[in-house]
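**Student:**
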Amino acid sequence: MTAAIEINAVHKQYGATQALRGVSFSIARGEFFGLLGPNGAGKSTLINILAGLTRATSGTARVAGHDVVGEFASTRRALGVVPQELVFDPFFSVREVLRIQAGYFGLGAENDPWIDELIDALMLTDKAGANMRSLSGGMKRRVLVAQALVHKPEVVVLDEPTAGVDVELRKSLWAFIQRLHRDGHTIVLTTHYLEEAEQLCDRIAILNHGQLAALDSKPALLARGLGKVLAITTAAPLAVVPEALRAKVKSRKGNTIEFELDIARDSIGDILEALRAAGAVITDLHTQEPDLEDIFLQITHGEK
Amino acid sequence: MNTRGLYTLFYKELLRFYKVALQTLLAPVLTALLYLLVFAQVLEQRAEAFPGVSYSAFLVPGLVMMSMIQNAFANSSSSLIQSKVTGNLIFVLLAPLSAFEFLLAFVLAAMVRALLVGLGVCLVALVFVPVPLHNAGYVLLFAVLASAALGALGVIAGIWADKFDQLAGFQNFIILPLSFLSGVFYSIHSLPGFWLTLSHLNPFFYMIDGFRYGFFGAADVSPALSLAVVALFLAAIGALALALVARGYKIRN
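Chains as they are written, first to last, in our numbering: chain A, 38 to 341; chain B, 237 to 489.
1. Work out the CA separation of B/Leu369 and B/Tyr442 for me, nearest whole Å.
2. Just to confirm my understanding: we take A/Ser130, look at its own chain, exclude 5 residues before and 5 after, and list those with CB closer than 8 Å. What are they?
3. Taking the alpha helix (DSSP H) that A/Gly117 falls in, what are its first and last residues?
4. When DSSP labels each residue in this structure, what does A/Arg113 get in the three-state scheme?
5. Return yes when the Cβ of A/Thr227 is within less than 7 Å of the Cβ of A/Glu197, no when it is not.
6. Does DSSP put A/Leu161 in a helix, a strand or coil?
7. What residues of chain B sit near A/Gln138, judged by a beta carbon separation below 8 Å?
8. Quick check on the DSSP output: the beta strand (DSSP E) that includes A/Thr223 runs from which residue to which?
9. For A/Leu210, which residues of its own chain have a beta-carbon under 6 Å away from its beta-carbon, when the five flanking residues on both sides are left out?
10. What residues of chain B sit near A/Glu122, judged by a beta carbon separation below 7 Å?
11. In angstroms, rounded to a whole number, what distance separates the CA positions of B/Leu250 and B/Val256?
12. With a floor of 3 residues, list each beta strand (DSSP E) that falls wholly inside the stretch 385-443 of chain B, ordered by position along the chain.
13. Could you tell me the alpha carbon to alpha carbon distance between A/Ile305 and A/Pro75, rounded to whole angstroms?
14. Provide the residue(s) that pair with A/Ile243 in DSSP beta bridges, ordered along the chain.
15. Compute the Euclidean distance between the alpha carbons of A/Ala80 and A/Glu326, then round it to the nearest angstrom.
16. Looking at the C-beta of B/Gly241, does it have a partner C-beta in chain A at a distance below 7 Å?
17. If we define contact as Cβ-Cβ less than 7 Å, is A/Leu83 a contact residue for chain B?
18. Can you tell me where the beta strand (DSSP E) holding A/His48 begins and where it ends?
19. Could you confirm whether any beta carbon from chain B is found closer than 7 Å to the beta carbon of A/Val225?
20. When you compare only the Cα positions, how much space is there between B/Ala268 and A/Lys49?
21. Using the Cα positions of A/Asp104 and A/Met38, report the straight-line distance between them to the nearest angstrom.
22. Pair every Cβ in the stretch 59-66 of chain A with every Cβ in the stretch 456-467 of chain B, then say whether three or more of these pairs are closer than 8 Å.
23. Go ahead and pull the three-state DSSP assignment for B/Thr322.
24. What span of residues does the beta strand (DSSP E) with A/Gln55 cover, start to end?
25. Classify A/Val318: buried if its beta carbon has 16 or more other beta carbons within 10 angstroms, exposed otherwise.
26. What in chain A is Cβ-close to B/Asn438, meaning under 9 Å?
27. Can you grab the Cα-Cα spacing for the pair B/Leu434 / B/Ala397, in whole Å?
28. Going straight from the alpha carbon of A/Ala78 to that of A/Ala242, what length do you get?
29. For chain A, is any of its Cβ atoms less than 7 Å away from the one on B/Lys320?
30. Taking Cβ to Cβ, would you say A/Ile84 is nearer than 7 Å to A/Val204?
31. Does the beta-carbon of B/Leu359 have 16 or more other beta-carbons within 10 angstroms, so that it is buried, or is it exposed?
32. What's the call for A/His188, buried or exposed, on a 16-neighbour Cβ count within 10 Å?
33. Indicate the three-state DSSP secondary structure (helix, strand or coil) for A/Glu295 in the structure shown.
34. Residues of chain A with CB under 8 Å from B/Gly298, in chain order?
35. Between the stretch 100-124 of chain A and chain B, which residues of the former have CB atoms less than 9 Å from a CB of the latter, in chain order?
36. Among the candidates B/Val289, B/Phe378 and B/Leu352, whose CA atom is the shortest distance from the CA of B/Pro264?
Right, here's the structure in full:
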C-alpha cells in the first residue's frame, strides 16, 4: 500500500534563507501524525509544498501516491488543508462557501448531504445562512475545517488549527478530528500545544532549522534522552551528596533533592541504596515521567 | 478538464460582482451617461467625424467600449488583489484547477461584467441618441475580444500587484490614459502627426475603432486591421497571463 504522504529530500530556499534542508519521511495511511517544531522550523513550508501552495526548490513530495507537482489535481483531491491563518471570503454565507469549495472539486448537489453533515458536526447549523463576516473567530475556524473536508479527502492536514481557540471549541474540534481518524482519514497535525500532540498523535516528527530533528513513535520519543526525575525528601538535609550521585543532581531545596535519571542506565534502587549508605533517612519519594515538552525543548535546544 | 470546478469559479466570480451590483454595474453606466451628456452638449457643434454621423452618435460606441475595457479589467484585477490581500485565494489554490481553468474562469466572469455594463451603457445612451447598427457581428466580436483581453490583463495586474495602491497605479497610469487616448471622444484623424502615430500603437484604439465600425460601417482604419490587432493583443496577453498563473508567479511562492 502506498504511503499517505512521502517526502523525499525536499529543499526549499527563499533567497538566502534555507527553509528546508533535505527533509525526508513518510506517513502511513490511517496514521495520526504530529509535525512539531519551533517557529520558523519549516513546518508550514512543508505543508505548503504538500498542498501545492509553494514549490520545493528540489526533492519530491507525494500525497496518496501522487506527485504534488506532476499530478497536482489528484494530489489536491486526496488532501484537505486547514490553513493556519483565519482567512475567509466576505462575500458569501457559510453554506455558499462550502458549496463553492465543493464545486471547485467537481462536486455538485449530490454532495449537499455531506455539507449538511459537516455543518451539523461542526455546530454551524444556526449560522449556515450567515455571512462569513458576521461569524466569531471560533466559528470561522470551524468553517475552515469544514472547507478542508468538503471533498472527503483521504489525508487531512491541520496547520495550528487550535491557535487562539477557546478551550471548549478546542475540545469539540479534537473530538471531531478523532472521529475523522477513526473513520480512516490520515491526520497530520501541527500545533504549539504539545500536550495536544502528546495526547492525540501516534507518531511525531520534530523539525528544527529546516531539518528533521526527530521522528519516532510517541512512546519511543518519550523514552529518549533525559528520562524521568526522582525527587527524594530526607528527614534532615543531606550534608554531602554521595560522590557517585553528584552528576545526577538536578536541584536541591531544603530536605528535597531531585535526581535526573537516565532510563537506560540508572536504577532507583541503586540511588536509594547509596543515599542510605550515606546516612540519609528517606521520608518521601516520587518520580516524574518526561513529557513531550521536555523532549521537544531538549531536541530544539529550548527554542519554541 | 475539471469543468464543474471551472464553472464554479466562474459562477463565484459572477456572484462576487452581482452582490455589489450598485458599484460594479450601475455606477459605470451612470458614469458613461454623464460623459455622454456633458461631452455631447459641449462638442455637438463640432464637425462630423464620419459623414452623416453626429458627434453624439459617434461618441456612444466609444463610451460603450471604454466602459467595457475598464470594467473587464477592474473585475478580474480587483477580485484577485482582494483575494490575495485577505488570503482567501488559498481556497482556489488548494483546488484541483489547472492554470488554464483558473484563468478562463476569471476572464469569463470579467467578460460577463463588461458585456452587461456595455449593454447597459448602450441601452441608456440610445434613449438620448439614435445610433445606427451597421453590422451586429462586428459589434459583438469586438466586445467579446476586447473584454477578454482586458479580463486577462486584469488577471496579470491582480497577480502582479501586492497591494491596492499598486493596482490603482496600474489602473490610473496605464488603463485610464490608454482608454482616454484611444479615440473615444474624437476621431484620431483630428490629431496632429505625433499623437496620430502614437494612437496607432495603442491597442485600445483598435478595439474602439473596430467596435465603432460595427455601428457606422465607417472607421479610422480598416476593420480587418483592427480585428487582427485586437486578436493578437488578446493572444499575447492571454499567453502571458497563462504563463504567470502556471508558474504560480506571486501566488504560489
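For glycine and all other residues, C-beta sits at the position ideal for the given N, C-alpha and C. In this text, all values refer to a predicted model and were calculated from it rather than measured experimentally.
**Tutor:** In short:
1. When rounded, the distance between both Cα atoms is 18 Å.
2. So the list reads Ala165, Gly166, Ala167, Asn168 and Met169, once near-sequence residues are dropped.
3. For A/Gly117, there is no enclosing alpha helix (DSSP H); the residue is found in the beta strand (DSSP E) stretching over Leu116 to Val119.
4. DSSP, read as helix, strand or coil, puts A/Arg113 in helix.
5. Going by C-beta atoms, A/Glu197 is nearer than 7 Å to A/Thr227.
6. In the structure shown, A/Leu161 falls within a coil segment according to DSSP collapsed to helix, strand and coil.
7. Within chain B, the residues near A/Gln138 are Phe327 and Ala331.
8. Annotation: the continuous beta strand (DSSP E) that includes A/Thr223 extends over Thr223 to Thr227.
9. Cβ neighbours of A/Leu210 beyond the five flanking positions: none.
10. Neighbours of A/Glu122 on chain B, chain order: Gly323.
11. When rounded, the distance between both Cα atoms is 10 Å.
12. Taken in chain order, the whole beta strand (DSSP E) runs of length 3 or more contained in the stretch 385-443 of chain B number zero.
13. Distance between A/Ile305 and A/Pro75, taken at the CA atoms: about 34 Å.
14. DSSP lists A/Leu73 and A/Ala251 as partners of A/Ile243.
15. In the sequence on display, residue 80 of chain A carries Lys and not Ala. Approximately 27 Å, taken between the alpha carbons.
16. The beta carbon of B/Gly241 falls within 7 Å of a beta carbon belonging to chain A, placing the residue at that interface.
17. Chain B, which has no Cβ nearer than 7 Å to the Cβ of A/Leu83, makes this no.
18. Here the beta strand (DSSP E) through A/His48 covers Ile42 to Tyr51.
19. Not closer than 7 Å to any Cβ of chain B, the Cβ of A/Val225 fails to qualify, so no.
20. Approximately 50 Å between the Cα atoms of the pair.
21. The straight-line gap separating the alpha-carbon atoms of A/Asp104 and A/Met38 is approximately 16 Å.
22. Flag = no, the stretch 59-66 of chain A and the stretch 456-467 of chain B do not touch.
23. Residue state for B/Thr322 is assigned as helix, using DSSP reduced to three classes.
24. Where A/Gln55 is concerned, the enclosing beta strand (DSSP E) stretches over Thr54 to Ile64.
25. Looking at its Cβ environment, which holds fewer than 16 other Cβ atoms inside 10 Å, A/Val318 is exposed.
26. For the C-beta of B/Asn438, not a single chain A residue is nearer than 9 Å; the gap to the nearest is close to 34 Å.
27. Their backbone Cα atoms lie some 27 Å apart in a straight line.
28. Just so you know, the alpha carbons of A/Ala78 and A/Ala242 end up roughly 12 Å apart.
29. Contacts with chain A at 7 Å (Cβ-Cβ) do not include B/Lys320.
30. No, Cβ-Cβ distance for A/Ile84 and A/Val204 is not below 7 Å.
31. Exposed is the call here.
32. A/His188 should be labelled buried.
33. Strand at A/Glu295.
34. Chain A residues near B/Gly298: none, gap ~33 Å exceeds 8 Å.
35. Within the stretch 100-124 of chain A, the residues whose Cβ lies closer than 9 Å to some Cβ of chain B are Phe109, Ala110, Ser111, Thr112, Arg113, Arg114, Leu116, Gly117, Val118, Pro120, Glu122, Leu123 and Val124, listed in chain order.
36. The option with the nearest alpha carbon to B/Pro264 is B/Leu352.
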